[in-house]
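Going down the list, the sequences are from chains A and B.
For the first sequence, the working numbering assigns the number 104 to the initial residue and increments by one for each residue that follows.
For the second sequence, the working numbering assigns the number -10 to the initial residue and increments by one for each residue that follows.
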Amino acid sequence: MSDVILKAENISKQYRLGTVGTGTLSHDLNRWWHQLRGKEDPYTKVGAVNDRSQKATEDYVWAIKDISFEVKRGEVLGIIGKNGAGKSTLLKILSRVTGPTTGSIKTRGRIASLLEVGTGFHPELTGRENVFLNGAILGMTKAEVNEKLEEIISFSGCEMYIDTPVKRYSSGMRVRLAFAVAAHLEPEILVIDEVLAVGDAEFQKKAIGKMQDISQGQGRTVLFVSHNMASVKSLCTRAIVLENGSSVFEGTTDESVSYYLSLGNDKGADYLRYFNKKEFNQLKFQLINFGVRARTKDYGAPLLRTDDLYFEINFINPKQKNLILSLRFKDEQGNFIFVTTSEKDFQLKEEAQLIHMCVPKSFFNQGVFFVDIQVTNGKKLLFRKKDAISFNIIQEQTALGRWMGKTPGALKPHFKWY
Amino acid sequence: MKQEEWLYEITPKRKLIDLNLKEIWRYRDLLILFVKRDIVTVYKQTILGPLWFFIQPLFTSVIFTLVFSNIAGLKSGVIPSFLFNLAGITAWNYFKECLTGTSNTFRGNAAIFGKVYFPRAIMPLSVTISNLLKFGIQLSIFIGFYLYYVLIGKDISPNFYLLLFPVYVLMMALMGLGLGMCISAFTTKYRDLTVLVGFATSLLMYVSAVPFSLAEAIKKVPELSWAFQYNPITQLIEGFRFMTLDYGMFTWGGFIYALVFSILLFLVGLIVFNKTEKNFIDTV
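What follows is the structure, encoded as structure tokens:
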């Protein structure tokens, strides 16, 4: 079965920036006047690229622009991208919540969307009544829900509360019940937006297992949006990467994920992994550059937990003797984790030199880290550059069905177990 | 393999009227559940429960009788003024509930509409149906009091025009739904109208001759008689009272006028609703 079940052609969506007021009314009247004379909408010709960090110069923005793709029957397509890249807009158009400005989507199957769990839950109704209501909103018939009612209730694990109004539920229980309903949907195409990031560890495991059943066991077509690369990798067969509203990469999941991970690092916008402003000091030594990379890769590649990390420091020291280099590692909140110095190993020579420090793989936990670099002569601090670099460690691919959350703590070293 | 045979297509443009009855039929269970939800949740956690459906029209009717019949001295002929007011309120309430219920369709359901697709027309349709049930309950109170007055010897009886009753109910629904859909579509982007709806409906009640008869209104303020006569809702209220109490003004011209008006209003509402439902979530 390799026929195309869904085909998107050049879909774009334009949004207006700012608030709705009298200014929008004049544009609306102008648009209506053009339409009345049978002319093209004057505002589809303008519009800025969707880059949230830029200053707005125009009134309109293309949330997504000219996206085309095809999905084959039984395929699980991942859609990845940074915040505001246009993922949710794309899903909204796919699930017919809003229409595209231009372009078209053709489909051969019923699409059910899961942009949120528990849509339409009414707090006054009991759990059981809400299962029927929510199921119907998602497109199930009463007979279908009836058939799966027992299964849904036991999957949610809320049997005791099923005849109590949902407003008495804890938020976690509400999510469980809602996901249980959604998981028993049986459309031909399922569109999912990051709903896995709910519930406790036990429930996440259950949810991911169910997702795999749906996509692999039952051969259903799924479009899946997530920031969690591990779940994308374990669920999807193919993925597209969105950046600033356009599709910039399409390929196998592994290729797409590594492309996505390298996005932030190329620009250096998110993490400053490479420091090369020359820092002078009255003592005349210079820090030429300082950076971190994976041992076997260059600076563009993302840092995985399975990489040995190489910290490279390029230094010129014309006069001083017996200098000691130290690196101070901090977590995202700025708490010190540890300090490491060159004292035991060597002291800086009176010349330019390239120094390496290696942190073995599986030492840091996933997350963002900041590094201060400082130079002392054993008695006195001579030089310090705070937060000289920062870097992001990414979780390695986890086995299927494992918990995908982050364990607590900045470090997650691997020690020998006997 | 047939490559160009698609189930449906999502495009920016759409037809003027695209009701898609087939799809609404597929979602009929949702329609029923929404109706049930609207009815059931009203009296959850109340002691009197469904009794509240009876209390509201009774109290309004008592007040109207006090104010308009006793204090203002507006006549209702041989008909007991309490029954007269109850008839007017029962008919008016159905129209008003349909109007206010549907006029908030887009804004009130933005949270659901923003996350999942189902035929949007389900929402106003469910409001109309659940109000029809409430109308049925209120009608039964009206019939109860009707029988009571007959038993104590009042000379009241319906006339032959009672056969038009279903048409009148349909007209009330169509007008309420049509106007409500227009308002809900117009208030998605510019909310000015929402401010208007609240007091406009209470003003409309007086211009529709609900608490007094049309004849009385024309007699007391002849310079405004056009406002009462050309108001299609007056035709509904007056017609309902005429067929049930055999008291009031009825002309076939007025009936046809109201019928055409209600169908046109419904069609306009449908077109505007259709045009809005596709992209309203971006501007709501």
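Built from N, CA and C at the ideal position, the CB exists for glycine as well.
Candidates the options: closest to residue i by CA position
{"i": "residue 132 of chain B", "options": "B/233, B/257, B/269", "result": "B/233"}
{"i": "residue 155 of chain A", "options": "A/185, A/129, A/147", "result": "A/185"}
{"i": "residue 211 of chain A", "options": "A/291, A/229, A/253", "result": "A/291"}
{"i": "residue 114 of chain A", "options": "A/287, A/199, A/406", "result": "A/199"}
{"i": "residue -4 of chain B", "options": "A/238, A/208, A/274", "result": "A/208"}
{"i": "residue 524 of chain A", "options": "A/306, A/268, A/329, A/340", "result": "Chain A is shown from 104 up to 521; residue 524 of chain A falls before or after that span and cannot be answered."}
{"i": "residue 242 of chain A", "options": "B/54, B/43, B/18, B/251", "result": "B/18"}
{"i": "residue 277 of chain B", "options": "B/91, B/156, B/28", "result": "One cannot answer for residue 277 of chain B here, as it falls past the ends of chain B, which runs -10 to 273."}
{"i": "residue 389 of chain A", "options": "A/313, A/223, A/456, A/460", "result": "A/456"}
{"i": "residue 427 of chain A", "options": "A/493, A/334, A/447", "result": "A/447"}
{"i": "residue 222 of chain B", "options": "B/164, B/100, B/206", "result": "B/164"}
{"i": "residue 69 of chain B", "options": "B/245, B/202, B/251, B/161", "result": "B/202"}
{"i": "residue 285 of chain A", "options": "A/111, A/239, A/133", "result": "A/239"}
{"i": "residue 488 of chain A", "options": "A/474, A/438, A/497", "result": "A/474"}
{"i": "residue 443 of chain A", "options": "A/253, A/177, A/414, A/131", "result": "A/414"}
{"i": "residue 235 of chain B", "options": "B/150, B/23, B/1", "result": "B/150"}
{"i": "residue 271 of chain B", "options": "B/253, B/102, B/252", "result": "B/102"}
{"i": "residue 30 of chain B", "options": "A/269, A/149, A/153", "result": "A/269"}
{"i": "residue 224 of chain B", "options": "B/26, B/211, B/204, B/181", "result": "B/204"}
{"i": "residue 28 of chain B", "options": "B/99, B/179, B/198, B/86", "result": "B/86"}
{"i": "residue 143 of chain A", "options": "A/152, A/151, A/133", "result": "A/133"}
{"i": "residue 162 of chain B", "options": "B/145, B/192, B/152, B/123", "result": "B/123"}
{"i": "residue 274 of chain A", "options": "A/230, A/312, A/297", "result": "A/230"}
{"i": "residue 53 of chain B", "options": "B/107, B/39, B/71", "result": "B/71"}
Residues that residue i contacts on chain B, provided the C-beta gap is smaller than 8 Å
{"i": "residue 203 of chain A", "result": "-1, 0, 1"}
{"i": "residue 123 of chain A", "result": "178, 179, 272"}
{"i": "residue 196 of chain A", "result": "-1"}
{"i": "residue 212 of chain A", "result": "-4"}
{"i": "residue 222 of chain A", "result": "100, 101, 104, 105"}
Under 9 Å from the C-beta of residue i: neighbouring residues of chain B
{"i": "residue 239 of chain A", "result": "16, 18, 19, 20, 21, 22, 23, 107"}
{"i": "residue 207 of chain A", "result": "-2, -1, 0, 1"}
{"i": "residue 242 of chain A", "result": "15, 16, 19, 105, 106, 107"}
{"i": "residue 118 of chain A", "result": "271"}
{"i": "residue 399 of chain A", "result": "Within 9 Å Cβ-Cβ: nothing; residue 399 of chain A doesn't reach chain B, min ~44 Å."}
Proximal chain A residues relative to residue i, where beta-carbon distance stays under 7 Å
{"i": "residue 26 of chain B", "result": "225, 228, 236"}
{"i": "residue 268 of chain B", "result": "201, 202"}
Contacts that residue i makes with chain B (C-beta to C-beta distance below 7 Å)
{"i": "residue 219 of chain A", "result": "104"}
{"i": "residue 245 of chain A", "result": "18"}
{"i": "residue 216 of chain A", "result": "105, 106"}
Residue i: CB within 7 Å of a non-hydrogen atom of the ligand FMN
{"i": "residue 484 of chain A", "result": "For the ligand FMN, the structure offers nothing, since it holds no ligand at all."}
Interface residues of chain A facing residue i [CB-CB closer than 8 Å]
{"i": "residue 30 of chain B", "result": "225, 227, 228"}
(request) Take every Cβ of the segment 119 to 130 of chain B, pair it with every Cβ of the segment 231 to 246 of chain A, and state whether three or more of those distances are shorter than 8 Å. (result) no
(request) Give, in chain order, every unbroken run of the alpha helix (DSSP H) that is at least 4 residues long and sits entirely within the segment 121 to 191 of chain B. (result) If only complete runs of 4 or more residues are kept, the segment 121 to 191 of chain B shows the alpha helix (DSSP H) at 154 to 175, in order along the chain.
(message) Does the contact criterion of 3 or more C-beta pairs under 8 Å hold for the segment 188 to 195 of chain A versus the segment 164 to 171 of chain A?
(response) yes
(request) At 3 residues or longer, and completely inside the segment 131 to 197 of chain A: list those beta strand (DSSP E) runs for me, N to C. (result) 163 to 175, 179 to 184
(request) Check each residue of the segment 32 to 60 of chain B: if its Cβ is closer than 9 Å to any Cβ of chain A, include it; give the result in chain order. (result) 33, 34
(message) Any C-beta of chain B within less than 7 Å: which residues of the segment 341 to 353 of chain A qualify?
(response) Under the 7 Å Cβ criterion, the segment 341 to 353 of chain A contributes no residue.
(message) Beta carbons nearer than 9 Å to chain B: which residues of the segment 148 to 182 of chain A have them?
(response) none
(message) Pairs of beta-carbons, one from the segment 415 to 433 of chain A and one from the segment 468 to 482 of chain A, closer than 8 Å: are there three or more?
(response) yes
(request) Residues of the segment 90 to 101 of chain B with a CB closer than 7 Å to any CB of chain A: list them in chain order, please. (result) 101
(message) I'd like the ranges of any beta strand (DSSP E) spanning at least 3 consecutive residues and lying wholly in the segment 185 to 266 of chain A.
(response) 205 to 210, 214 to 217
(message) Under 8 Å, with one C-beta from each stretch per pair, do the segment 185 to 195 of chain B and the segment 61 to 68 of chain B reach the 3-pair mark?
(response) The segment 185 to 195 of chain B vs the segment 61 to 68 of chain B: no contact.
(message) As an exercise, report each continuous beta strand (DSSP E) stretch of at least 3 residues that is fully enclosed by the segment -4 to 49 of chain B, in chain order.
(response) If you keep only unbroken beta strand (DSSP E) runs of at least 3 residues inside the segment -4 to 49 of chain B, you get -3 to -1.
(request) Kindly provide the ranges of any alpha helix (DSSP H) runs that are 4 or more residues long and lie completely inside the segment 179 to 250 of chain B, ordered along the chain. (result) Qualifying alpha helix (DSSP H) stretches, in chain order: 181 to 196, 203 to 209, 214 to 218, 221 to 234.
(message) Just to confirm the assignment: which complete beta strand (DSSP E) runs, minimum length 3, are found wholly within the segment 290 to 331 of chain A?
(response) 292 to 296, 324 to 328
(request) Please confirm if the segment 162 to 177 of chain B is in contact with the segment 82 to 101 of chain B, defined as three or more CB-CB distances below 8 Å between the two stretches. (result) yes
(message) Counting beta carbon pairs with one atom in the segment 92 to 112 of chain B and one in the segment 136 to 149 of chain B, are three or more of them shorter than 8 Å?
(response) No, the segment 136 to 149 of chain B is not in contact with the segment 92 to 112 of chain B.
(message) Using 8 Å as the cut-off, can you tell me whether the segment 350 to 360 of chain A makes contact with the segment 332 to 339 of chain A, which would need three or more C-beta pairs spanning the two stretches below that distance?
(response) yes
(message) Please give the ranges of any alpha helix (DSSP H) in the segment 408 to 479 of chain A, keeping only runs that are unbroken, at least 4 residues long and fully inside the region.
(response) none
(request) Would you check if there are 3 or more beta carbon pairs closer than 8 Å linking the segment 41 to 53 of chain B to the segment 76 to 88 of chain B? (result) Yes, the segment 41 to 53 of chain B is in contact with the segment 76 to 88 of chain B.
(message) Under 8 Å, with one C-beta from each stretch per pair, do the segment 211 to 225 of chain A and the segment 249 to 260 of chain A reach the 3-pair mark?
(response) no
(request) Give a yes or no on contact between the segment 456 to 466 of chain A and the segment 509 to 516 of chain A, applying the rule of three or more CB pairs nearer than 8 Å. (result) With a cut-off of 8 Å, the segment 509 to 516 of chain A and the segment 456 to 466 of chain A count as touching, because enough Cβ pairs lie within range.
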